[in-house]
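J.: In our numbering, the protein residues as written are 2 to 469.
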Ligand SMILES: C[S@@+](CC[C@H](N)C(=O)[O-])C[C@H]1O[C@@H](n2cnc3c(N)ncnc32)[C@H](O)[C@@H]1O
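Now the structure itself:
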């Protein structure tokens with residue numbers, strides 16, 4: 002689990018991080034901790050700045066050594082990286098003629114440490130591990146010990162941010178390189194409530210990729226325990242624009258872009274249309290038919306036959322973009338647009354060949370984490386099916402440069418992306434117009450979570466909450 006987060010900070014960003022914290026001069030006597038220090042990329046620069054600043058202030062080598070042993074702290078859970086870090090720090094100290102420093106660097110789990118000291122600075126790039134990748138024991142530990150992790154699908158870094166704020170003294174500063182998703186994730190709300198008070202600055206790298214492997218974009222979060230400002234200074238690094246964001250405008254997701262929702266005289270998209278996430282079979286390998294041969298009454302897939310009447314056309318934003326024709330087994334039917342579920346015997350009798358085919362995946366189908374009352378041959382989730390049998394629009398959850406909206410006939414089944422149907426009989430053409438407008442795109446730029454370079458991830462509730 003821990004290996005997943007061992008991505009170290011490039012030198013240029015280390016410098017930006019330390020500059021943001023103002024870790025620049027008069028450093029003697031100021032306590033600093035890097036609480037997930039890896040090989041010491043950040044600590045190396047801290048130690049360099051510390052020694053140079055001391056020398057500039059005419060502090061002698063013996064005192065500097067004492068200072069290093071008193072002021073500089075680090076923790077790293079991984080033995081190998083911990084050892085490498087000590088070696089790196091010794092190398093720097095020795096370069097300045099300082100030997101045998103007894104470093105306060107610990108090979109420990111920072112979240113379980115119970116440090117008694119408080120610090121003037123916490124500077125670092127903590128581990129990010131998504132909820133999905135956290136083991137059960139860690140999830141339980143975090144839920145029990147950190148307010149920011151009490152509910153929902155938190156990230157490991159939430160606990161680090163919370164613990165870092167706790168170990169600052171009353172004028173201490175936190176400068177942390179974090180995934181910018183923390184500003185917008187639904188489950189980051191409690192964390193945002195905790196940090197908003199002391200956040201003074203956000204340096205947002207937006208589309209600039211700092212780490213090759215990472216999926217979300219990065220930002221520097223700067224908190225100052227000694228300050229409670231009304232505004233946050235926000236810097237968009239890519240466009241080199243700084244602006245001031247009133248904290249009282251930051252509710253729900255933190256939106257930094259030019260778009261601001263002004264409720265006066267505006268209408269909520271969700272009042273007129275429903276945006277919802279597509280169907281989820283929870284095992285597309287069985288249901289989705291990609292490389293098939295069409296026969297008269299059957300669809301032939303890998304030697305199995307599927308009754309044609311058990312299938313529908315399946316679409317995703319990707320398949321529509323590449324104009325690929327796909328089918329999906331649809332083990333339901335509609336009666337006057339009301340979804341009807343087959344009884345098992347009924348389904349097996351009506352579609353004996355499809356049943357035979359699906360049974361070849363019986364073990365995998367049974368292992369799905371399905372809704373409670375679903376039969377073995379049904380989709381894992383049935384939520385999206387109720388409103389599906391009507392004219393609808395489809396768009397991707399990932400927006401890159403433009404918003405593509407596809408028109409879908411009544412009987413097409415979207416298996417990925419967000420689909421939109423009309424409430425109150427307002428023509429879908431109006432929804433299409435709204436979603437393709439510049440104003441909606443600006444909203445997405447503000448509210449979307451950066452995913453891989455230029456792309457932004459949006460949710461169905463982002464669309465429903467849009468005001469036009
Ligand atoms: C993203 S890396 C950053 C390393 C370093 N801060 C840097 O920027 O170069 C995160 C580091 O945290 C360490 N780590 C993960 N969980 C930890 C924990 N509970 N306590 C201390 N270190 C931890 C990992 O082994 C990894 O080296």
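The beta carbon of each residue, even a glycine, is placed where N, CA and C say it ideally should be.
What is the residue span of the beta strand (DSSP E) that residue 172 lies within?
T.: 169 to 180
J.: List, from N- to C-terminal side, the alpha helix (DSSP H) runs of 4 residues or more that fit wholly inside the segment 274 to 301.
T.: 285 to 288, all fully within the segment 274 to 301.
J.: Terminal residues of the continuous beta strand (DSSP E) containing residue 245?
T.: 242 to 247
J.: Please classify residue 81: is it buried, with 16 or more other beta-carbons within 10 angstroms of its beta-carbon, or exposed?
T.: exposed
J.: Does the distance from the C-beta atom of residue 221 to that of residue 288 stay below 7 Å?
T.: For residue 221 and residue 288, no; Cβs fall outside 7 Å.
J.: Pick out the complete alpha helix (DSSP H) segments inside the segment 345 to 414, 4 residues or longer, and give them in chain order.
T.: 345 to 351, 353 to 360 and 363 to 367
J.: With burial defined as no fewer than 16 other Cβ atoms inside 10 Å of the residue's Cβ, what is the status of residue 279: buried or exposed?
T.: The residue in question, residue 279, is buried, as its Cβ has 16 or more Cβ neighbours within 10 Å.
J.: If you draw a straight line from the alpha carbon of residue 448 to that of residue 310, how long is it in whole angstroms?
T.: 42 Å
J.: Got a sec, what are the start and stop residues for the alpha helix (DSSP H) residue 68 sits in?
T.: 62 to 72
J.: Look at the alpha carbon of residue 395 and the alpha carbon of residue 444, and state the distance between them as a whole number of angstroms.
T.: Straight-line Cα distance between these residues: approximately 18 Å.
J.: DSSP state of residue 317, grouped into three classes?
T.: coil
J.: Using a threshold of 6 Å, is the CB atom of residue 363 nearer than that to any non-hydrogen atom of ligand 1?
T.: Not under cutoff, so the answer is no.
J.: What residues are listed by DSSP as bridge partners for residue 311?
T.: DSSP, once it has assigned bridges, lists no residue as partnering residue 311.
J.: From the DSSP output, read off the bridge partner residues of residue 333.
T.: 342
J.: For a quick check, are the C-beta atoms of residue 131 and residue 156 less than 7 Å apart?
T.: yes
J.: Are there any heavy atoms of ligand 2 lying less than 6 Å away from the beta-carbon of residue 56, as far as the coordinates show?
T.: Inclusion of ligand 2 in the displayed structure is not the case, the ligand content consisting of ligand 1 alone.
J.: Could you tell me if the beta carbon of residue 180 falls within a distance shorter than 6 Å of some heavy atom in ligand 1?
T.: It does not: the Cβ of residue 180 is nowhere closer than 6 Å to a heavy atom of ligand 1.
J.: I need the boundaries of the beta strand (DSSP E) containing residue 458, first residue and last residue.
T.: 456 to 458
J.: Return the residue from the list 428, 324, 305 and 189 that minimises the CA-CA distance to residue 450.
T.: 189
J.: Sorry if obvious, but does the Cβ on residue 190 come closer than 6 Å to a heavy atom of ligand 1?
T.: no
J.: Please go through the same chain and pick out, in chain order, the residues whose beta-carbon is closer than 6 Å to the beta-carbon of residue 294, but skip the five residues on each side of it.
T.: 301
J.: Give a single yes or no on whether residue 77 has its beta carbon closer than 6 Å to a heavy atom of ligand 1.
T.: yes
J.: Among the residues of its own chain, which have a CB less than 6 Å from the CB of residue 239, if the five just before and after it don't count?
T.: 207, 208 and 209
J.: Looking at the strands, I want to know which residues DSSP matches up with residue 33.
T.: BP columns for residue 33 point to 73 and 122.
J.: Comparing C-alpha positions only, which one of 29, 244 and 35 sits nearest to residue 9?
T.: 35
J.: Can you name, in chain order, every residue of its own chain whose Cβ lies under 8 Å from the Cβ of residue 70, other than the five neighbours on each side?
T.: 102, 103, 104 and 105
J.: In whole angstroms, give me the CA-to-CA distance for residue 446 and residue 96.
T.: 47 Å
J.: Assuming residue 114 and residue 163 are in contact, meaning their beta carbons sit under 8 Å apart, how far apart are those beta carbons, in whole angstroms?
T.: That pair is no contact at about 14 Å.
J.: Taking just the CA atoms, how far does residue 236 sit from residue 202?
T.: 8 Å
J.: To the nearest angstrom, report how far apart residue 341 and residue 333 are at their CA atoms.
T.: 6 Å
J.: Measuring alpha carbon to alpha carbon, tell me which of 212, 469, 372 and 211 ends up nearest residue 283.
T.: 372
J.: Go through its chain and collect everything with a Cβ distance to residue 1's Cβ below 7 Å, but skip five positions before and after it.
T.: The structure shown does not extend to residue 1, since the chain is modelled only from 2 through 469, so no value can be given for it.
J.: Tell me the residue span of the beta strand (DSSP E) that contains residue 420.
T.: Run containing residue 420: 419 to 423, per the beta strand (DSSP E) assignment.
J.: Taking residue 393 as the reference, which of 404, 409 and 381 has the closest Cα?
T.: 409
J.: Please confirm whether residue 223 and residue 160 have their CB atoms less than 7 Å apart.
T.: no
J.: Using three-state DSSP, classify residue 432 as helix, strand or coil.
T.: helix
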